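Trainee: Quick one: this structure, given as structure tokens, is what I'll be asking you about.
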Amino acid sequence: MLLYESAMQVVPVLLIALFIETRSVDPQASRAMRRWVNVHDRGYAALGIVAFMVSMLVVADIVAAGRAPAAIVIATLSGCMGMLYTRILQRFAHDRGPRRDQASADR
């Protein structure tokens with residue numbers, strides 16, 4: 001039961017992290033890049049929702065805890081973590097670009 005209760009606590013935090021991060025796509029990025037990020041975000045959200053819903057069904061005793069629900073929750077959370085890692089790599093790639101400080105931009 002600990003797996004499912006933990007998933008119900010972790011998934012909302014993962015989804016909040018997705019929507020708080022707004023600097024991962026440069027506004028001047030290509031249309032294909034923005035589309036890929038949009039699809040990535042939707043997949044990430046879908047995986048999180050599946051993990052949350054399965055966990056909620058098990059915690060509510062609607063679905064019996066077993067190998068299949070545990071596999072679903074572990075697989076979806078693993079997928080979320082993998083997608084979060086790609087988002088981190090995108091962020092590092094974005095931050096390596098040329099930097100402009102606020103003072104020089106205001107002049």
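In the UniProt record's numbering, the protein residues as written are 1 to 107.
Even glycine gets a Cβ: it sits at the ideal position worked out from N, Cα and C.
Source: prediction; values computed, not measured.
(1) Count the other C-beta atoms from every protein chain shown that fall within 10 angstroms of the C-beta of residue 108, then say buried if there are 16 or more, exposed otherwise.
(2) Entirely within the segment 2-69 and at least 4 residues each: give me those alpha helix (DSSP H) ranges in chain order.
(3) Please classify residue 77 as buried or exposed, where buried requires at least 16 neighbouring CB atoms within 10 angstroms.
(4) Would you grab the beta carbon distance between residue 59 and residue 4 for me? Rounded to a whole angstrom, and I think it's under 8 Å.
Mentor: According to the data block:
(1) Examination of residue 108 is not possible in this model, given that the chain is present from 1 through 107 alone.
(2) Within the segment 2-69, the complete alpha helix (DSSP H) runs of at least 4 residues are 2-20, 31-59.
(3) As a first step, residue 77 must be located in the sequence shown, where it is residue number 77. The residue in question, residue 77, is buried, as its Cβ has 16 or more Cβ neighbours within 10 Å.
(4) As a position in the sequence shown, residue 59 is number 59, starting the count at 1. As a position in the sequence shown, residue 4 is number 4, starting the count at 1. Yes, residue 59 and residue 4 are in contact; Cβ-Cβ is about 5 Å, under 8 Å.
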